[in-house]
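Trainee: After the C-alpha cells below, expect a handful of questions from me.
2 protein chains.
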Amino acid sequence: MTNKFNNVYVGDSYTIASVYEKDGPIADYFDKVYDKDLYYGCDTFEKAEEKMLSDSIENLIDKVEYKDSDIDYVISGDLENQIAASDYALRHFDIPFLGIFSACATFGEGLLIGANLIEGKRAKNIIVSTSSHNMMAEKQFRNPTEYGAPKKKTTTWTSTGAACMLLTNKKGKIKITSATCGKVQDKNVTDVNNMGAVMAIAAADTIERHLVDLNIKPNYYDLILTGDLGCYGKEILIDYLKTKNIDISKNYEDCGLILYDIKKQNVFAGASGPASSALVLCSYLLKEMERGKYKKILLVPTGAIFSPTRTFQKDSIPSIAHAISFEVSE
Amino acid sequence: MTNKFNNVYVGDSYTIASVYEKDGPIADYFDKVYDKDLYYGCDTFEKAEEKMLSDSIENLIDKVEYKDSDIDYVISGDLENQIAASDYALRHFDIPFLGIFSACATFGEGLLIGANLIEGKRAKNIIVSTSSHNMMAEKQFRNPTEYGAPKKKTTTWTSTGAACMLLTNKKGKIKITSATCGKVQDKNVTDVNNMGAVMAIAAADTIERHLVDLNIKPNYYDLILTGDLGCYGKEILIDYLKTKNIDISKNYEDCGLILYDIKKQNVFAGASGPASSALVLCSYLLKEMERGKYKKILLVPTGAIFSPTRTFQKDSIPSIAHAISFEVSE
Chain A
1 MTNKFNNVYV GDSYTIASVY EKDGPIADYF DKVYDKDLYY GCDTFEKAEE KMLSDSIENL
61 IDKVEYKDSD IDYVISGDLE NQIAASDYAL RHFDIPFLGI FSACATFGEG LLIGANLIEG
121 KRAKNIIVST SSHNMMAEKQ FRNPTEYGAP KKKTTTWTST GAACMLLTNK KGKIKITSAT
181 CGKVQDKNVT DVNNMGAVMA IAAADTIERH LVDLNIKPNY YDLILTGDLG CYGKEILIDY
241 LKTKNIDISK NYEDCGLILY DIKKQNVFAG ASGPASSALV LCSYLLKEME RGKYKKILLV
301 PTGAIFSPTR TFQKDSIPSI AHAISFEVSE
Chain B
331 MTNKFNNVYV GDSYTIASVY EKDGPIADYF DKVYDKDLYY GCDTFEKAEE KMLSDSIENL
391 IDKVEYKDSD IDYVISGDLE NQIAASDYAL RHFDIPFLGI FSACATFGEG LLIGANLIEG
451 KRAKNIIVST SSHNMMAEKQ FRNPTEYGAP KKKTTTWTST GAACMLLTNK KGKIKITSAT
511 CGKVQDKNVT DVNNMGAVMA IAAADTIERH LVDLNIKPNY YDLILTGDLG CYGKEILIDY
571 LKTKNIDISK NYEDCGLILY DIKKQNVFAG ASGPASSALV LCSYLLKEME RGKYKKILLV
631 PTGAIFSPTR TFQKDSIPSI AHAISFEVSE
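Okay, here's the thing in C-alpha cells:
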C-alpha cells in the first residue's frame, strides 16, 4: 500500500555533521559541523550522539521560531540499543515522543508516520529526527576501533551526524506526496560485511511496489535515491530491478555515495547509518529542490534490521526499505 | 495533546503466554499457553520470542479469517536490542511493517499510532503487537540467570508472552476513544532495580495531561491501569498524584499485579515487560469489557527507556508512558 498526501509540507530542516562528513562533497550544505573531535565535549560517544541529536532538534525549533508546545510530536530513532540517542535526547524537550526503529531506514519510517498523521489531520507540526555516530556503531555492531580489525571492501562507513525535519500542514515550497511502507525481506544472506547486498533486495521490493501502486515509471522522478547501499549494493539494485523490467540506471544514486567521495575518502563502499540519507535529504536535496535543480525525488532509506546477537546465533539478516516522494509544489 | 477517536474499533486480539503466566490469576483468559519450557522447540531464547510473536500474529490473522494482504500495517516492538523479536518475526509475513520502541510502553505507542492512522482514514486494518521473554531480558538487561545474582524486592519480573490486537474501522463492541502520547521524564533516578519508582513519574505526567485535556476526573473510568509499576511503583503513583489533587486510589490497578499474584508467585514486585500490559489488555480486560464488567478503561503502559550502556556510564534513567482509553460502544 502506498499512501498519497496532498497537505504535507516540509517546514524546514536542520543538519549537524561531523569530522568525516566535512571532507565530503556536500559539506557546504550542512547547517552546522562539529569537527573538533567525535566527543563534542562529552565523555562518551553515546552522550556525544545524544548531544548532536538534541542540538539539531533545538536548533530547528529556534530556526523556525517555535516553542516546544508548537510541536505535536517528535518521531525519532537511531542505531543505539534501545534507540538510546533519541530516548535520552528527548528528555531535554517538553514534546510528546514516538520512538521508532527501522535501522538505517528509520528516517523513512518517521517521515511516513509523520506525513500520515498530518494528512489525516491528527497533528499540525511534527519533527522527524535521527542520528548516527561512527564510533558508537563500530563498538556496538562491529569491533571497538582500538582492535584495529581489518575491513572488507564491501563494508560501509557509518556516518556521524544528526538531521531533523519539520513536517507541517502549512503550505510551503516542498511537499511530501507519497510514502510506501517497507515489508521485511530475508533472503538468507549472512555476511554482515556486505549490508549493501542485504538491503538492495528490500529497496527493490519497495521501489517496485511504489511504481506499481502509483502506476508510474522510474523516469517520473528526477532522482531516485537509496539510503546507504554503497557502491556494490547500488550495482546489485540496478541489475536486480532490470530483471523485473525496471530501469533506474539513468536517474538513480545512493546517498552513501553523495555524503562521501569514496575515491578520495577512506570509507570503503560509502556512507551508511540512519544519518546517511537524512543528512543528504535535509541539506543537499532540499536546497537543490528549492533552487530548482530537482522537482521530484524519491528517497528510499534502506535498513538492515539485524541483531548482532542473532548473527552470533547464525541467523540471517532481515532488511527493510521505505520510499518517500518529495515534489516542488506548483 | 490528546487525540480523540470516533471510528477506531478493536477487531479482535490474540495472546500467547508462558510458564509463569499460566500460574497467575488470569491464566484462563489467554488464547494459548506455551508451558513446556521457555524455548518452544527453538535453540535460543531470542528465537523463542520470535516464534511466540510470529505465532500470535499468524493466529490472529487466522482467527479473523483474513489474509496478509488484508492488513495495512503491522506496528510492533519489543525489548530486544534492535527490536529483534519484531524484526525477525515480521519476515514471516507479507505485510508493511512499522518498528517502534518505547520499552515496556511499546504496546501503548503502537495503539496510539495505529488508532491515529485509522481515524485519519490512512488505513483500515492494523495489527499492533508486542512481546517479551523473561530469559532474554535477564540476559540483556540484568545478569545471565546462571549467575544466580540476588535481587532486590523492588525488582519486577519480565513477563513472557506475545499479544496482538487488530484495530479496524469496522464497527465493533469495543472502541478506542482517545490517546495521550507520553513525554520523556527524567528525575535523575539511577536505581535499575526499582523501575516502578522511575516510571511512576511518567505515568503521573501522562495521566494528569490526559485528564486535563479531556476535562474529566479519574472516576470517569471504571478502571485506570498502569503497565508494570509493580506494588511499590503503584503506591508512589497514587501518592504522587494526590499531591496534584488527583485521587486514583479507588479505581486504579497495575497490570503487573493482575498478570501475577505476588503473594503466591516468586516474582518480587510484579510483572513487567511490554507483554505485561499487552497480555492483560488483550485477554482479561477485553473479555471483561465484552461481558459488561467494565465499560470504560484507561490503559497507561509504562516504559523505562534506558540503555544498560548508559547506566554503566552513570547516567540516569529516562521513562515514558502513553495513555489509551477503551470504551464499550453504545
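First to last, the sequence lines map onto chains A and B. Sequence positions in the first sequence follow my numbering and run 1 to 330. Sequence positions in the second sequence follow my numbering and run 331 to 660. Virtual Cβ for every residue (Gly too), placed ideally from N, Cα, C.
Looking only at C-alpha atoms, which of B/Phe335, B/Val340, B/Thr332, B/Ser659 sits nearest to B/Thr498?
Mentor: On the second sequence, position 168 is the one that residue 498 of chain B refers to. When each option's Cα is compared against that of B/Thr498, the closest is B/Val340.
Trainee: Using 9 Å as the limit for Cβ to Cβ distance, is A/Thr158 near chain B?
Mentor: As a first step, residue 158 of chain A is located in the first sequence; it is residue number 158 there, counting from the start. So, not an interface residue.
Trainee: So, helix, strand or coil for B/Asn455, using DSSP?
Mentor: Here residue 455 of chain B corresponds to residue number 125 of the second sequence, with the count starting at 1. Here B/Asn455 sits in strand by DSSP.
Trainee: Strictly below 7 Å CB to CB, what residues from chain B border A/Pro96?
Mentor: For the purposes of this step, residue 96 of chain A is taken as residue 96 along the first sequence, with counting starting at 1. Per Cβ cutoff of 7 Å: Met331, Cys511, Gly512, Lys513.
Trainee: Would you say B/Asp577 touches the ligand COA, meaning its beta carbon is less than 8 Å from a heavy atom?
Mentor: Questions concerning the ligand COA fall outside what the structure shown contains, since it holds no ligand whatsoever.
Trainee: Alpha helix (DSSP H) containing B/Gly444: first to last residue?
Mentor: Within the second sequence, the letter at position 114 stands for residue 444 of chain B. B/Gly444 -> alpha helix (DSSP H) spans 436-449.
Trainee: List, in chain order, every chain B residue whose beta-carbon is nearer than 9 Å to that of A/Pro144.
Mentor: Residue numbering aside, residue 144 of chain A sits at position 144 when the first sequence is read from its first letter. Neighbours of A/Pro144 on chain B: none; closest Cβ ~13 Å, over 9 Å.
Trainee: Quick one, which of B/Ile554, B/Glu380, B/Lys501 has its alpha-carbon nearest B/Asn337's?
Mentor: What you label residue 337 of chain B is simply residue 7 of the second sequence in a count that begins at 1. The shortest Cα separation from B/Asn337 among B/Ile554, B/Glu380, B/Lys501 belongs to B/Lys501.
Trainee: Can you give me the start and stop residues for the beta strand (DSSP E) that A/Gly99 sits inside?
Mentor: Stepping through the first sequence from its first residue, residue 99 of chain A is reached at position 99. Residues 97-99.
Trainee: Please report the straight-line C-alpha distance between A/Lys293 and A/Asp222, rounded to a whole angstrom.
Mentor: Position 293 of the first sequence holds residue 293 of chain A. Position 222 of the first sequence holds residue 222 of chain A. Rounded to whole angstroms, A/Lys293 to A/Asp222 spans 9 Å at the Cα level.
Trainee: So B/Pro648 and B/Gly438 are supposed to be a Cβ contact under 8 Å. How far apart are they, rounded?
Mentor: Locating residue 648 of chain B in the second sequence gives position 318, counting from the first residue. Locating residue 438 of chain B in the second sequence gives position 108, counting from the first residue. Not a contact, Cβ separation roughly 16 Å.
Trainee: For B/Met445 and B/Ala453, what's the separation of their Cα atoms in angstroms?
Mentor: Looking up residue 445 of chain B in the second sequence gives position 115. Looking up residue 453 of chain B in the second sequence gives position 123. Before going further, note that residue 445 of chain B is Ala rather than Met in the sequence given. Their Cα atoms are separated by approximately 9 Å.
Trainee: So, with DSSP's three-state summary, where would you put A/Asn81?
Mentor: Taking the first sequence and counting its residues from 1, the one referred to as residue 81 of chain A is at position 81. If DSSP states are grouped into helix, strand and coil, A/Asn81 belongs with the helices.
Trainee: B/Asp402 and B/Ile456: beta carbons closer than 9 Å?
Mentor: The residue given as residue 402 of chain B occupies position 72 in the second sequence. The residue given as residue 456 of chain B occupies position 126 in the second sequence. Against a cut-off of 9 Å, the Cβ pair of B/Ile456 and B/Asp402 comes out as a contact.
Trainee: Chain B partners of A/Pro318, CB-CB under 7 Å?
Mentor: In the first sequence, counting from the first residue as 1, residue 318 of chain A sits at position 318. Chain B residues near A/Pro318: Asp417, Tyr418, Arg421.
Trainee: Kindly indicate the opening and closing residues of the alpha helix (DSSP H) around B/Leu587.
Mentor: Position 257 of the second sequence, counted from the start, is the residue given in the question as residue 587 of chain B. It spans 586-589 - the alpha helix (DSSP H) in which B/Leu587 sits, taken as one unbroken run.
Trainee: Give a yes or no on whether the minimum CB-CB distance between B/Phe437 and chain A is below 9 Å.
Mentor: Indexing the second sequence from 1 puts residue 437 of chain B at position 107. So, not an interface residue.
Trainee: Can A/Ala269 and A/Thr155 be called in contact, C-beta distance under 9 Å?
Mentor: On the first sequence, position 269 is the one that residue 269 of chain A refers to. On the first sequence, position 155 is the one that residue 155 of chain A refers to. For A/Ala269 and A/Thr155, yes; Cβs fall inside 9 Å.
Trainee: With distance defined between alpha-carbon atoms, name the residue in A/Val33, A/Gln313, A/Ile305 nearest to B/Gln412.
Mentor: For the purposes of this step, residue 412 of chain B is taken as residue 82 along the second sequence, with counting starting at 1. The option with the nearest alpha carbon to B/Gln412 is A/Ile305.
Trainee: Residues in the segment 44-67 of chain A with C-beta within 8 Å of chain B's C-beta atoms, listed in sequence order?
Mentor: Thr44, Glu46, Lys47
Trainee: Quick check: the segment 314-328 of chain A against the segment 180-198 of chain A, are at least 3 beta-carbon pairs closer than 8 Å?
Mentor: The segment 180-198 of chain A is in contact with the segment 314-328 of chain A.
Trainee: Starting from the beta carbon of A/Asp191, find every residue of chain B whose beta carbon is closer than 8 Å, and list them in chain order.
Mentor: Reading the first sequence from its first residue, position 191 is the one you call residue 191 of chain A. Under the 8 Å cutoff, chain B gives no residues; its nearest Cβ is about 17 Å from A/Asp191.
Trainee: List, in chain order, every chain A residue whose beta-carbon is nearer than 7 Å to that of B/Tyr403.
Mentor: For the purposes of this step, residue 403 of chain B is identified with residue 73 of the second sequence, where counting begins at 1. Neighbours of B/Tyr403 on chain A, chain order: Cys181.
Trainee: Give me the Cβ distance between A/Leu60 and A/Cys164, rounded to the nearest whole Å; I'm assuming they're in contact under 8 Å.
Mentor: Indexing the first sequence from 1 puts residue 60 of chain A at position 60. Indexing the first sequence from 1 puts residue 164 of chain A at position 164. Yes, A/Leu60 and A/Cys164 are in contact; Cβ-Cβ is about 5 Å, under 8 Å.
Trainee: So which of B/Arg472, B/Val610, B/Asp535, B/Tyr590 has the shortest CA-CA distance to B/Tyr344?
Mentor: Translated into the one-based positions of the second sequence, residue 344 of chain B becomes position 14. Per the Cα distances, B/Val610.
Trainee: Between B/Phe636 and chain A, is the shortest Cβ-Cβ distance under 9 Å, so that the two count as touching?
Mentor: Here residue 636 of chain B corresponds to residue number 306 of the second sequence, with the count starting at 1. By this cut-off, B/Phe636 is an interface position.
Trainee: Evaluate the contact criterion for the segment 357-373 of chain B versus the segment 527-544 of chain B: three or more CB pairs, one atom per stretch, below 8 Å.
Mentor: Segments in contact, no.
Trainee: Please list the partners that A/Leu298 has in chain B, where partner means a Cβ-to-Cβ separation under 9 Å.
Mentor: In the first sequence, the residue the question calls residue 298 of chain A occupies position 298. Here the premise fails: no neighbours, minimum Cβ distance about 17 Å.
Trainee: Only counting runs of 3 or more residues, tell me where the beta strand (DSSP E) segments fall wholly within the segment 185-259 of chain A, in order along the chain.
Mentor: 223-226, 252-254
Trainee: So, does the CB of B/Ala433 fall closer than 9 Å to a CB anywhere in chain A?
Mentor: To locate residue 433 of chain B, count along the second sequence from 1; it is residue 103. Output row for B/Ala433: interface = yes.
Trainee: Count the other C-beta atoms from every protein chain shown that fall within 10 angstroms of the C-beta of B/Lys594, then say buried if there are 16 or more, exposed otherwise.
Mentor: Looking up residue 594 of chain B in the second sequence gives position 264. Under this definition B/Lys594 is an exposed residue.
Trainee: Going by DSSP in three states, B/Thr632 sits in which element: helix, strand or coil?
Mentor: Start at 1 with the first residue of the second sequence, and residue 632 of chain B comes out as number 302. Annotated three-state conformation of B/Thr632 is strand, per DSSP.
Trainee: Under the rule that 16 or more other beta-carbon atoms within 10 Å means buried, what is A/Thr158, buried or exposed?
Mentor: In the first sequence, the residue the question calls residue 158 of chain A occupies position 158. When all chains shown are included, A/Thr158 counts as buried.
Trainee: Where DSSP assigns a beta bridge to A/Cys164, which residues make up the other side?
Mentor: In the first sequence, the residue the question calls residue 164 of chain A occupies position 164. Answer is A/Tyr14, A/Ser129, bridged to A/Cys164.
Trainee: Are the C-beta of A/Thr243 and some C-beta of chain B separated by less than 9 Å?
Mentor: For the purposes of this step, residue 243 of chain A is identified with residue 243 of the first sequence, where counting begins at 1. With its beta carbon at least 9 Å from every one in chain B, A/Thr243 lies outside the interface.
Trainee: What's the gap between the Cα of A/Lys242 and the Cα of A/Ser249?
Mentor: Sequence index remark: in the first sequence, residue 242 of chain A carries index 242 (1-based). Sequence index remark: in the first sequence, residue 249 of chain A carries index 249 (1-based). If I take the Cα positions, the gap works out to 9 Å.
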